[in-house]
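Accompanying notes for the structure given below.
2 protein chains.
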Amino acid sequence: MRTLKLTKDSQKNILESLLKRSPNNYTEYESTVNEIINNVKENRDKAVFEYTKKFDKADVDASNIRVTEEEIKEAYELVDEKLLAVIKKALVNIRKYHEKQLQNSWFTTEDGIILGQKVTPIAKAGVYVPGGKAVYPSSVLMNVLPAKVAGVEKIVMCTPCGADGKVYPSTLVAANEAGVDEIYKVGGAQAIAAMAFGTESVPKVDKIVGPGNIFVALAKKAVFGYVSIDSIAGPSEILVLADETANPRYVAADLLSQAEHDEMASAILITTSEELAKKVSEEVDKFVEVLSRKEIIEKSLENYGYILVAEDMDEAIDAVNDIASEHMEIVTRDPFSVMTKIKNAGAIFIGEYSSEPLGDYFAGPNHVLPTNGTAKFFSALSVDDFIKKSSIISYSREALERIHTDIEQFAECEKLTAHANSIKVRFED
Amino acid sequence: MRTLKLTKDSQKNILESLLKRSPNNYTEYESTVNEIINNVKENRDKAVFEYTKKFDKADVDASNIRVTEEEIKEAYELVDEKLLAVIKKALVNIRKYHEKQLQNSWFTTEDGIILGQKVTPIAKAGVYVPGGKAVYPSSVLMNVLPAKVAGVEKIVMCTPCGADGKVYPSTLVAANEAGVDEIYKVGGAQAIAAMAFGTESVPKVDKIVGPGNIFVALAKKAVFGYVSIDSIAGPSEILVLADETANPRYVAADLLSQAEHDEMASAILITTSEELAKKVSEEVDKFVEVLSRKEIIEKSLENYGYILVAEDMDEAIDAVNDIASEHMEIVTRDPFSVMTKIKNAGAIFIGEYSSEPLGDYFAGPNHVLPTNGTAKFFSALSVDDFIKKSSIISYSREALERIHTDIEQFAECEKLTAHANSIKVRFED
Chain A
106 MRTLKLTKDS QKNILESLLK RSPNNYTEYE STVNEIINNV KENRDKAVFE YTKKFDKADV
166 DASNIRVTEE EIKEAYELVD EKLLAVIKKA LVNIRKYHEK QLQNSWFTTE DGIILGQKVT
226 PIAKAGVYVP GGKAVYPSSV LMNVLPAKVA GVEKIVMCTP CGADGKVYPS TLVAANEAGV
286 DEIYKVGGAQ AIAAMAFGTE SVPKVDKIVG PGNIFVALAK KAVFGYVSID SIAGPSEILV
346 LADETANPRY VAADLLSQAE HDEMASAILI TTSEELAKKV SEEVDKFVEV LSRKEIIEKS
406 LENYGYILVA EDMDEAIDAV NDIASEHMEI VTRDPFSVMT KIKNAGAIFI GEYSSEPLGD
466 YFAGPNHVLP TNGTAKFFSA LSVDDFIKKS SIISYSREAL ERIHTDIEQF AECEKLTAHA
526 NSIKVRFED
Chain B
106 MRTLKLTKDS QKNILESLLK RSPNNYTEYE STVNEIINNV KENRDKAVFE YTKKFDKADV
166 DASNIRVTEE EIKEAYELVD EKLLAVIKKA LVNIRKYHEK QLQNSWFTTE DGIILGQKVT
226 PIAKAGVYVP GGKAVYPSSV LMNVLPAKVA GVEKIVMCTP CGADGKVYPS TLVAANEAGV
286 DEIYKVGGAQ AIAAMAFGTE SVPKVDKIVG PGNIFVALAK KAVFGYVSID SIAGPSEILV
346 LADETANPRY VAADLLSQAE HDEMASAILI TTSEELAKKV SEEVDKFVEV LSRKEIIEKS
406 LENYGYILVA EDMDEAIDAV NDIASEHMEI VTRDPFSVMT KIKNAGAIFI GEYSSEPLGD
466 YFAGPNHVLP TNGTAKFFSA LSVDDFIKKS SIISYSREAL ERIHTDIEQF AECEKLTAHA
526 NSIKVRFED
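As structure tokens, this is what we get:
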């Protein structure tokens, strides 16, 4: 891994390089995606079937697009027993964590006035699960469980099938364990369009979540407004903040755990210790030789891997907040104190045994996290994503009477006389 | 107003007609908006000044784009004292309501494990305030105060100036009272682009909120992902759910309070009483004759005004939830019981003295609300919009040791060996 001195300039250059990975920069695919969306919007099932034939080489029609109970049963027979056991354990942790996120409706009362917020789950959620390069049953759990905990009535899943019309057994098993109601064999931008507008086979949903390739990301952005979406996911990122107390072998292993995701993944160490920088670099080189995804790792480190040596911890923390990484580990003396200064990060892993993959699978917090610096304004996928809040306003006659002239005044200043009239009419007698 | 029987068909047709007003349907302006955005992204201040000259006929440059303290002082001298007094009163109510929305960071502990969520305000927010047809100081308060309450460090406002380079005094006074830090004289899509990417004069922000015309709405959608945005605002809507106990004069006045906003505004009464339907229609006709915005009202009622007579309250409530109106009034016997069945509405006004304009100005809840059926998945603007949550994960060595084989198992099933390695390495001794 390249090692650089952390300066305002190196920080700026790295940030610019990282941001190039944003799905927002792939506008060259926008017209293709818009064409798919418009076709599905207009021709519905017909378009979905055609795209599935074209892109997934699968013959899907109204009779077989929905995964059957038999297919799910079959999946249970095909899936590794050990995987099923660990899915069940992870599920308990994920559900438990997300249950802590549930918000209550609330109201205040004051002399004839009731104000509040009524919390309601959204009715229908759509979860996209990619097929392709890697099969991630953990992703199914992470996207479905927050919706389930929120109380969403119907959870629809779309995922591409193989040319044989089959969906990965582990995906089906994870979906079934998490409580997905309906699963459809459709992938890509066509799946997003189908869930946004509805087709004869695929129901329209209110919110679409889940990771996907650039076509899926652009399709989600395009349908935003017709439905709600989660954030637009970019490639994986890890940023480790470490001082001389860190174990270089652990730091190296954790950096590589994200670097292996894909060639666009980013792995950054920011450290106050030149010695640690050197040792981590050596450990990385050793690990890369023995890891199965060596080629991907080498490319992602070359593209977006950095070891940055900072003057002091304050400078390091500034850079951490500026980069706003998806995953962030604090491996320093007094890591909880350092945590109080971290403003921007999707997930913060504290201490040397809080290795990032712990959060990917098992601990409970969601692994769907803001990438590409968007942790400055987006949060992990959560129960919040599947609820909405309606304002509640109730005034008694007496309460309105006390302030009615104020409102009339305000309305008249804004030249909205029908607004003023609606208050006046109640006190015209 | 036209009166129809509420049927599945009439409901479907009305919904389709309402949804035509969505900013998503104005794709013909997308290329213009994208051109403006790209120009501002590339040429920054230069582009902003040129568009301001072109669209607002104002000579704005680096020396005068930012509103000065003198200009704000001058605004205080120009603004109606009564308006200032009511702004100050409203501000107290709005702040108080939004303070109830503040969320705490939280954590759980369990035998070597700490999990939680750290709540942090976003650092910089941008508020767009339209000029044009109507001046809305209330809109300034509603957009700025949630950010202020959330703890946003820097709040930037953009609003177009007149050809004389002046901003409406009431806008400046409201902004100053609400605590805006910097105000810039720039409007339209160019203002959104300036705040999304930053120029020499206008700072880049993390989130952009605020209403605007179709160019502003499309620009917000286009920059989503680079920054966060609030929902994409469509025209105003009111839906009154009433039975035979409702006062037809009040209902008519409230319908008109939204119909006056613009020609695309929608006003719908759903009632179980044919008699009420008739009387409301008569009262509407009477009011329209005497209201100053008669022409707008007539057009919006013709386009999107409906009185719908339902068979019974259940059918009426189904339609209410399907239409998912921005504003919703319940003027029925036992309105709180009816409220429990309302799933989709931006704001719910309960009882005959809770007239909608009460919420526009004064009561405290936010008037920035989801429109165009998006109350099915979006909420009112709130403190939630200006915070983000970072997951917190901390495991002790013992805690990780208890489950390390589970994680390794999961990672290996997903064929992510570097993930497995990062856990294994901690127990290799």
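So the protein sequences, as listed, match chains A and B. Residue numbers for the first sequence follow my numbering, beginning at 106 and rising by one. Residue numbers for the second sequence follow my numbering, beginning at 106 and rising by one. Think of the CB as a built atom: it goes at the ideal place given N, C-alpha and C, for glycine as much as any other residue. Values in this document were obtained by computation on a predicted structure and should not be read as measured data.
Point to revise | Whole-number beta carbon distance between A/Gly293 and A/Thr264, since they are thought to touch under 8 angstroms | key: At roughly 10 angstroms, the Cβ-Cβ gap does not stay under 8 angstroms, so A/Thr264 and A/Gly293 are not in contact.
Check your understanding: Counting contacts by CB-CB distance shorter than 8 angstroms, is A/Tyr355 in contact with chain B?
Key -> yes
Point to revise | Spatial distance of A/Gly221 from B/Lys193 (CA atoms) | key: 22 angstroms
Check your understanding: A/Ala60 lies in the beta strand (DSSP E); which residues open and close that run?
Key -> Any answer about residue 60 of chain A is impossible in this case: the structure gives chain A only from 106 up to 534.
Practice item. Show which residues of chain B have a CB atom less than 9 angstroms away from the CB atom of A/Phe160. Key: Near A/Phe160 there are no residues of chain B at all, since even the closest Cβ is about 23 angstroms away, more than 9 angstroms.
Practice item. Determine, using beta-carbon pairs with one atom in the stretch 427–437 of chain A and one in the stretch 399–406 of chain A, whether at least three such pairs fall under 8 angstroms. Key: no
Review point. When we look at the beta-carbon of B/Phe454 and count the other beta-carbons within 10 Å, is it buried (16 or more) or exposed?
Key: buried
Check your understanding: Excluding sequence positions up to five away, which residues of its chain have a Cβ less than 6 angstroms from the Cβ of B/Ile492?
Key -> Val224, Pro226 and Ala255
Review point. Would you report the Cα separation of A/Gly464 and A/Ser341, rounded to the nearest angstrom?
Key: 13 angstroms
Practice item. Report the option in A/Thr376, A/Val232 and A/Lys158 whose CA atom is closest to the CA atom of A/Val321. Key: A/Val232
Review point. If you run the structure through DSSP and keep just helix, strand and coil, what is B/Leu123?
Key: helix
**Study point:** Start-end ranges of the beta strand (DSSP E) lying completely within the stretch 451–505 of chain A, minimum 3 residues
**Key:** 452–455 and 492–500
Review point. If you follow the beta strand (DSSP E) that B/Tyr411 is part of, which residue opens it and which one closes it?
Key: Gly410 to Val414
Check your understanding: Apart from the five residues on each side of it in sequence, which residues of its chain come closer than 8 angstroms, Cβ to Cβ, to A/Glu258?
Key -> Pro226, Ala228 and Lys229
Review point. Helix, strand or coil: which one does DSSP assign to A/Lys162?
Key: coil
Check your understanding: Leaving out five residues before and five after A/Ala252 in sequence, what residues of the same chain have Cβ atoms less than 6 angstroms from its Cβ?
Key -> Ala230, Ile260 and Phe491
Practice item. Report the neighbours of B/Ile337 on chain A: residues whose CB is nearer than 9 angstroms to its CB, in chain order. Key: Phe329 and Gly330
**Study point:** Contacts around B/Glu461, its chain only, beta-carbon distance under 7 angstroms, and the 5 residues preceding and following it disregarded
**Key:** Ile343, Asp359, Ser362, Gln363, His432, Glu434 and Phe454
Practice item. Determine which residues of the stretch 304–330 of chain A have a Cβ less than 8 angstroms from any Cβ of chain B, and write them out in chain order. Key: Asp311, Lys312, Lys326, Phe329 and Gly330
Practice item. Could you tell me which uninterrupted alpha helix (DSSP H) segments, each at least 4 residues in length, are contained entirely in the stretch 224–281 of chain B, listed from first to last along the chain? Key: 242–255
Point to revise | Between the CA atoms of A/Thr476 and A/Gly410 - distance to the nearest angstrom | key: 15 angstroms
Practice item. Counting only the same chain and skipping the five closest in sequence on each side, list residues whose C-beta sits under 6 angstroms from that of A/Asp166. Key: Phe154
**Study point:** Outcome for B/Asn118 when other beta-carbon atoms lying within 10 angstroms are tallied against a minimum of 16
**Key:** exposed
Check your understanding: Would B/Tyr458 pass as a contact of B/Ala195 if the rule is Cβ separation under 8 angstroms?
Key -> no
Review point. A/Asn209: buried (16+ other C-beta within 10 angstroms of its C-beta) or exposed?
Key: exposed
Point to revise | For B/Ala347, three-class secondary structure by DSSP | key: strand
**Study point:** Buried/exposed call for A/Thr376, threshold 16 Cβ in 10 Å
**Key:** buried
**Study point:** Nearest to A/Glu287 (by Cα), restricted to the options A/Ala268, A/Arg531, A/Glu135 and A/Glu176
**Key:** A/Glu176
**Study point:** Burial state of B/Asn148 (16 or more Cβ within 10 Å)
**Key:** exposed
Point to revise | Selection from B/Pro235, B/Ile141, B/Pro316 and B/His472 that minimises the alpha carbon distance to B/Ala298 | key: B/Ile141
Practice item. Taking a Cβ distance cut-off of 9 angstroms, strictly less, list which residues of the stretch 251–275 of chain A are near chain B, in chain order. Key: Ser275
Review point. A/Val419 versus chain B: which residues are under 9 angstroms apart at the beta carbon?
Key: Before going further, note that residue 419 of chain A is Asp rather than Val in the sequence given. Correct list: empty, because the minimum Cβ distance to chain B is about 17 angstroms.
Point to revise | Min CB distance A/Thr225 to chain B below 8 angstroms | key: yes
**Study point:** Euclidean distance between Cα positions of A/Val184 and A/Ser244
**Key:** 16 angstroms
Check your understanding: Apart from the five residues on each side of it in sequence, which residues of its chain come closer than 6 angstroms, Cβ to Cβ, to B/Ser333?
Key -> Lys312
Exercise for review: Give the DSSP-derived three-state secondary structure of A/Gln222 in the structure shown.
Suggested key: strand
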